[in-house]
Amino acid sequence: MQNNIFEETKKNLDSVGCGFCLAKWTQVTMHLQTGLNHSCHHPTAHKIPIAEIQRNPSALHNTKFKKYKRKEMLDGKRPEECDYCWNIEDNSDNYSDRIYKSSEPWSKPHLDEIIQSDWRADFNPRYVEVSFSNTCNFKCSYCGPEYSSQWLQEVKQLGGYPTTDSFNSYGKLIEKNRLPILQSEYNPFVEAFWKWWPELYSDLNTFRITGGEPLLSKDTWKVLDYILEHPNPNKELKLAINSNLGVTDELVDKLIEKLDRIISEDRIKEVIIFTSVDAYGEQAEYIRNGLDFNKFWDNVNKVLYKLPKVTITIMSTYNILSPFSYNKLIEKVWETKKEHQNLERYWQHPILLDTSYLRFPQHQSVKLLFDKQKELILDNAKTALYLGVPIFTNTHMGMTEVETEKIKRIYDWSLSKTDVNILKTNRKDFVKFVDEHDKRRGTNFLKTFPELEEFYKKIKYDN
Amino acid sequence: MIIKEGEPWLLWPSMVSYGINTGEIGKTFEGDTDFTLSMNIKILTKSSEKRTVFAKLPNYMGLDIEKENNNLMLILNLNKNGETEWKYLFSETELGYDFNLLSFRYSKINRILDIMVNDISAIEYKLEDDEELSVGYEPHILFGGGNFPHNGFNLNYCSYELDFLMISKEYKSYNQIYNIKEIEDLDNSIIGLYNFKKHTDYKVFDISNNCNFLHKIIY
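As they're listed, the protein sequences go chains A and B.
So the first sequence is numbered by my numbering: it starts at 2 and just counts up by one.
So the second sequence is numbered by my numbering: it starts at 47 and just counts up by one.
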């Protein structure tokens with residue numbers, strides 16, 4: 002479907018080259034614990050050379066590698082690493098993220114400046130996502146040692162899981178040069194970040210802190226203090242902080258106190274907290290090892306009560322263990338929306354459920370379920386639909402069209418074809434994973450998921 | 047559930063169901079199949095003016111009440127040899143102000159439309175050979191009014207209490223309707239069934255599991 006804004010962006014980009022995309026300049030995700038970055042988030046992350054950041058801290062984003070990709074774009078070529086978008090552009094009539102991201106308010110105003118700049122020039126990104134460390138008190142089933150110190154500790158001691166691909170193997174981490182630098186160790190990437198930060202901060206449109214668990218990172222607090230103490234704060238900044246909301250009361254209270262000051266002193270445009278939960282009750286606790294489900298909701302309520310402008314978005318990674326209790330999660334989100342409804346929220350709703358399907362690791366995908374079990378996904382979508390309101394406003398509170406449709410999309414996706422042999426391998430791997438999980442972590446899969454007993458036994462004992 | 051005066055409710059699933067609902071419930075009333083719309087209703091708006099119990103739009107087909115004791119009037123928009131024709135069918139049967147099981151039915155094979163109040167036939171109309179029920183784009187049904195409030199005309203608001211609503215793609219007998227009401231005896235012909243026990247501020251749950259939720263009109 003044609004859209005005037007996107008058509009105009011496409012025309013402007015294509016006048017430079019068919020592979021030109023502003024996000025290569027304006028957006029970056031930096032994993033400082035492993036020294037990796039990518040622009041945008043679609044291409045595989047590449048290493049940041051230490052020699053480059055010693056000379057120029059903005060090389061955290063403006064690496065030589067990336068500058069050559071920018072040159073390709075300005076020369077009318079399509080960088081191979083951006084094939085996510087080329088696939089969409091070559092195989093459908095849809096706009097790719099190249100168009101969407103280049104149309105964003107943090108990209109579009111910089112079009113002329115970027116066209117006129119030399120490809121060797123540094124550019125301060127406007128949309129920055131950063132992970133300072135892998136320190137985390139959780140070890141979620143689909144996560145790994147690069148993003149969780151708990152996972153790192155486990156696989157260092159016990160090795161990877163006995164799946165076909167040795168899930169989260171410590172050896173592979175070393176082999177791929179992805180071993181994270183611990184928070185307690187010297188990290189040249191974090192050091193470079195702080196050198197660059199004063200210059201970066203004033204230009205930022207969006208700054209999002211991820212992890213690990215950001216509330217366990219000293220650098221997260223340093224960012225908040227910087228904003229609090231700055232004589233001329235960037236009032237256009239949209240700040241987003243990820244948190245599992247499963248840390249100590251002291252840390253949650255400290256976050257609330259600092260954000261409350263930042264908001265009340267008008268130092269920022271908006272603050273959004275992103276958190277995660279993928280099921281309800283004990284089933285959610287099984288998926289997100291370390292989670293205390295009730296404590297999590299106490300913290301959600303505390304944040305929403307004490308920060309009446311803040312919206313919490315739940316990034317839910319819908320996986321094979323999600324469908325059985327997801328209706329209860331949807332109802333809980335709906336009740337929370339009603340309880341904390343007001344006219345002040347940055348994003349209108351106090352809480353949003355953003356459901357995406359898990360692609361990796363494949364042995365935890367919802368695609369593994371039998372077709373009959375997949376009907377539960379549709380039932381989840383029906384629950385969201387029933388609790389929905391057709392209009393997205395502060396005054397009419399319920400599940401939104403997007404919240405509902407994203408669940409329905411997972412149902413449609415779950416029914417798409419999968420190679421039978423791959424499916425068989427992944428199912429076997431799933432059983433191996435939960436068996437090992439129970440052994441290592443003292444959990445009881447069949448007690449927690451009685452709905453999957455037949456599935457489990459069929460996969461485990463049938464040839 | 048009470049439908050308040052000036053706040054009609056709507057059955058337009060395709061508008062708010064994002065492809066999840068099934069059954070094309072609005073199309074049920076356009077003559078391709080038999081149908082029964084049955085509701086247990088107690089009128090609350092006391093007036094001698096015309097008031098609308100329900101109305102199918104955009105090609106109007108609705109049941110009104112008029113006079114002090116709620117006489118029935120069925121309005122049909124028909125297609126006759128390609129031309130639009132209106133039928134106004136009056137009844138001496140009074141709905142009063144107590145609960146009544148009101149049913150609107152269509153038998154395709156007999157080409158008969160009728161209105162029953164409990165087990166009493168109140169209105170009956172046999173379509174002529176050259177008459178058809180008219181067909182509209184995205185048909186939907188309003189309860190408690192004849193038009194959307196923002197349109198500002200033909201509103202004829204009516205407040206009533208409702209504890210049972212059933213929409214079926216079959217011509218149901220009174221006994222069948224009664225059984226469905228009393229024991230929620232579901233069959234495949236029923237594409238919307240509501241006992242009003244499960245609801246939110248915006249939706250009434252469809253216990254037929256077709257996601258044809260009744261919903262509030264909000265702007």
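No residue lacks a Cβ here, since even glycine has one placed at the ideal position from N, Cα and C.
The structure displayed is predicted, hence computed values, not measured ones.
Closer than 8 Å at the beta carbon, the chain A residues around residue i
i, result
"B/Tyr14", "Chain B is shown from 47 up to 265; residue 14 of chain B falls before or after that span and cannot be answered."
"B/Ile264", "Val390, Pro391, Ile392, His397"
Beta-carbon neighbours of residue i, restricted to chain B and to distances below 7 Å
i, result
"A/Thr405", "Tyr64"
"A/Glu402", "Tyr64"
Residues bridged to residue i [DSSP beta-bridge criterion]
i, result
"A/His47", "A/Asn38"
"A/Cys141", "A/Arg289"
"B/Leu56", "B/Leu188, B/His261"
"B/Cys132", "Going by the sequence as given, residue 132 of chain B is Trp instead of Cys. Its beta-bridge partners are B/Asn123."
"A/Asp355", "A/Met316"
"B/Ser167", "B/Met162"
"A/Gln28", "A/Tyr128"
"B/Asn86", "B/Leu147, B/Phe210"
"A/Met398", "A/Met398 pairs with nothing; no bridge assigned."
"A/Asn243", "A/Phe275"
"A/Phe66", "In the DSSP output, where bridge partners are listed per residue, A/Phe66 has none listed."
"B/Val250", "B/His245, B/Leu260"
"B/Leu103", "B/His186"
Chain A within 8 Å of residue i, Cβ atoms only
i, result
"B/Thr68", "no"
Chain B contact residues for residue i, given Cβ-Cβ distances below 9 Å
i, result
"A/Lys409", "Tyr64, Gly65, Ile66"
Residue i at chain C interface by Cβ criterion, 8 Å
i, result
"B/Glu177", "Judged by its chain identifiers, the structure shown contains no chain C, and its protein chains are A and B."
Taking only beta carbons into account, state which residues of the segment 296–312 of chain A come closer than 9 Å to chain B, listed in chain order. From the segment 296–312 of chain A, no residue has a Cβ closer than 9 Å to chain B.
Touch check for the segment 98–107 of chain A and the segment 260–268 of chain A: three-plus C-beta pairs under 8 Å? No, because fewer than three Cβ pairs between the segment 98–107 of chain A and the segment 260–268 of chain A fall closer than 8 Å, the two stretches do not touch.
Near-chain B residues of the segment 375–400 of chain A (beta-carbon distance less than 8 Å), N- to C-terminal order: Correct list: Leu379, Ala382, Lys383, Leu386, Tyr387, Leu388, Gly389, Val390, Pro391, Ile392, His397, Gly399.
For the segment 333–362 of chain A, list every residue whose C-beta sits within 9 Å of some C-beta in chain B, in sequence order. Within the segment 333–362 of chain A, contact with chain B at the beta-carbon level (separation under 9 Å) is assigned to Trp335, Lys339.
Evaluate contact between the segment 222–240 of chain B and the segment 123–132 of chain B, counting only Cβ atoms and requiring at least three cross-stretch pairs below 8 Å. At 8 Å Cβ cutoff, the stretches do not touch.
Hey, is the segment 202–213 of chain B in contact with the segment 172–181 of chain B, meaning 3+ C-beta pairs nearer than 8 Å? Contact between the segment 202–213 of chain B and the segment 172–181 of chain B is absent, because fewer than three Cβ pairs lie under 8 Å.
Beta carbons nearer than 9 Å to chain A: which residues of the segment 244–261 of chain B have them? Within the segment 244–261 of chain B, the residues whose Cβ lies closer than 9 Å to some Cβ of chain A are Lys244, Thr246, Asp247, Tyr248, Lys249, Phe251, Asp252, Asn255, Cys257, Phe259, His261, listed in chain order.
Contact the segment 136–153 of chain A vs the segment 202–222 of chain A: 3+ CB pairs below 8 Å: Touching, yes.
Check whether the segment 147–162 of chain A touches the segment 308–315 of chain A, taking contact to mean three or more Cβ pairs, one atom from each stretch, closer than 8 Å. No: fewer than three Cβ pairs fall under 8 Å.
Is there contact here, the segment 53–71 of chain B with the segment 430–450 of chain A, by at least three beta-carbon pairs under 8 Å? Contact annotation: the segment 53–71 of chain B does not touch the segment 430–450 of chain A, with fewer than three C-beta pairs closer than 8 Å.
Would you say the segment 88–100 of chain B touches the segment 215–227 of chain B, given that touching needs at least three Cβ pairs under 8 Å? Counting C-beta pairs with one atom in each stretch, the segment 88–100 of chain B and the segment 215–227 of chain B have fewer than three that are closer than 8 Å, which means they do not touch.
Using a Cβ distance threshold of 8 Å, determine whether the segment 440–454 of chain A contacts the segment 417–428 of chain A, with at least three qualifying pairs required. The segment 440–454 of chain A makes no contact with the segment 417–428 of chain A, as fewer than three CB pairs between them are under 8 Å.
Segment contact flag, the segment 369–380 of chain A with the segment 336–347 of chain A, C-beta cutoff 8 Å, min 3 pairs: Judged by pairs of C-beta atoms under 8 Å, the segment 369–380 of chain A does not touch the segment 336–347 of chain A, as fewer than three such pairs exist.
For the pair the segment 238–245 of chain B and the segment 212–221 of chain B, tell me if three or more CB-CB distances fall below 8 Å. Note that the segment 238–245 of chain B touches the segment 212–221 of chain B; at least 3 beta-carbon pairs, one per stretch, sit closer than 8 Å.
Is there contact between the segment 116–125 of chain A and the segment 59–77 of chain A, where contact requires at least three CB pairs shorter than 8 Å? These segments touch.
With contact counted as at least three CB pairs below 8 Å, one residue from each stretch, are the segment 165–184 of chain A and the segment 241–255 of chain A in contact? By the Cβ criterion, the segment 165–184 of chain A is not in contact with the segment 241–255 of chain A, since fewer than three pairs of Cβ atoms, one from each stretch, lie closer than 8 Å.
Report yes or no: do the segment 197–209 of chain A and the segment 249–257 of chain A share at least 3 C-beta pairs separated by less than 8 Å? A contact between stretches requires three or more CB pairs, one per stretch, nearer than 8 Å, and the segment 197–209 of chain A fails this requirement with the segment 249–257 of chain A.
Would you be able to state if there are at least three C-beta pairs under 8 Å between the segment 61–69 of chain B and the segment 379–387 of chain A? Contact between the segment 379–387 of chain A and the segment 61–69 of chain B is present: three or more C-beta pairs spanning the two stretches fall below 8 Å.
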